[in-house]
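Note sheet for the following structure.
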Amino acid sequence: MTGKIVSIHSFRGGTGKSNIAANLAATAALDGKRVAVMDTDMASPGIHVIFGLGREKQKYTLNDYLRGECDITDACLDITKQQRIKEGRLFLIPSSMTASDITRILREGYEVNDLRNGFNEVLEKKNLDYLIIDTHPGLDRETLLSMATADYLFVVARIDEQDLLGTAATLSVARKLQVPDIKIVVNKKPKIYEDDAITKEVERKFKTKVATIIPLLPILIEAGSRYVVVLRHPDSEFVQCMD
207 MTGKIVSIHS
217 FRGGTGKSNI
227 AANLAATAAL
237 DGKRVAVMDT
247 DMASPGIHVI
257 FGLGREKQKY
267 TLNDYLRGEC
277 DITDACLDIT
287 KQQRIKEGRL
297 FLIPSSMTAS
307 DITRILREGY
317 EVNDLRNGFN
327 EVLEKKNLDY
337 LIIDTHPGLD
347 RETLLSMATA
357 DYLFVVARID
367 EQDLLGTAAT
377 LSVARKLQVP
387 DIKIVVNKKP
397 KIYEDDAITK
407 EVERKFKTKV
417 ATIIPLLPIL
427 IEAGSRYVVV
437 LRHPDSEFVQ
447 CMD
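Per our numbering, the sequence shown runs over residues 207 to 449.
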């Protein structure tokens with residue numbers, strides 16, 4: 207059975223997209239799956255921080271692979287034991303947070319087909335059930351590639367007019383790219399809104415199913431992107447949102 211590509215996207219930054227990607231990956235690994243998370247947000251990388259690797263310099267990153275300096279599997283870190291996951295396997299392919307690497311990739315670019323090949327290669331060589339892609343916000347070539355190759359696309363949005371307008375544009379592009387399975391994740395929901403009312407209105411407006419609604423929980427604010435919440439607090443309300 208071929209592994210599936212899951213793209214986590216938002217039109218704007220600050221939606222909690224990376225936290226959702228990290229926690230979704232951990233949830234799948236806890237369920238016994240082989241999962242990798244790839245940070246394709248090379249302009250503002252950071253998902254590795256959520257996994258507790260913020261102060262560590264990685265030997266290889268996605269940037270090195272795209273420059274032809276290593277194999278994609280060289281940049282693939284096995285963080286299963288570090289995250290104390292007992293059943294499945296969890297891998298991370300980070301992007302570099304070094305200023306020189308970020309400016310270089312923005313200045314010189316890279317061959318998009320290399321990124322596509324990297325998706326397929328890591329799926330095969332690591333025998334993955336899922337490759338979860340944390341995309342760059344907005345609509346750029348990396349995002350379009352991530353969408354075009356995805357089996358599942360989750361578009362993360364807040365109850366905010368700018369977010370919702372951007373979500374409409376994202377969904378329009380995703381449909382043109384014929385993404386097989388598209389769903390919306392409503393994040394940071396204020397208490398004043400009822401879940402049923404939000405689901406009904408969002409699905410009516412966008413003609414797209416809502417996968418889950420995540421409240422603005424104190425436990426997420428407390429975490430501050432310093433750790434994976436489903437692993438640190440397995441009995442929290444947030445865990446139910448990730449199932």
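All C-beta atoms, glycine included, are put in the ideal place defined by N, C-alpha and C.
Contact between the region 358–374 and the region 212–223 is present: three or more C-beta pairs spanning the two stretches fall below 8 Å. Residue pairing from DSSP leaves Ser431 without any beta-bridge partner. For Asn323, there are no CB contacts under 7 Å within the same chain when 5 residues up- and downstream are skipped. Cα atoms of Glu275 and Glu327: separation of roughly 16 Å, rounded to the nearest angstrom.
Apart from sequence neighbours up to five positions away, the residues of its chain that approach Arg290 with a beta-carbon distance below 8 Å are Leu437, ordered along the chain. As computed with DSSP, Ala242 is found in a beta bridge with Phe297, Leu337.
Around the beta-carbon of Gly372, 16 or more other beta-carbon atoms lie within 10 Å, marking it buried. Boundaries for Lys287: no alpha helix (DSSP H) harbours it, and the DSSP string shows neither H nor E there. Counting other Cβ atoms within 10 Å of its Cβ, Ser378 stays below 16 and is therefore classed as exposed. Ala363 is bridged by DSSP to Val392. Per DSSP, the continuous beta strand (DSSP E) segment holding Ile419 begins and ends at 416–421. Looking at the DSSP output, Tyr358 sits in a beta bridge with Val212, Asp387. Residue pairing by DSSP places Leu283 opposite Leu298 in a beta bridge. In this structure the region 424–437 lies against the region 247–258, because at least three pairs of beta carbons, one per stretch, are closer than 8 Å. Its chain contains Phe360, Lys389, Ile390, Val391 as the residues whose beta carbon lies nearer than 8 Å to that of Ala417, once the 5 sequence neighbours on both sides are disregarded; these appear in chain order.
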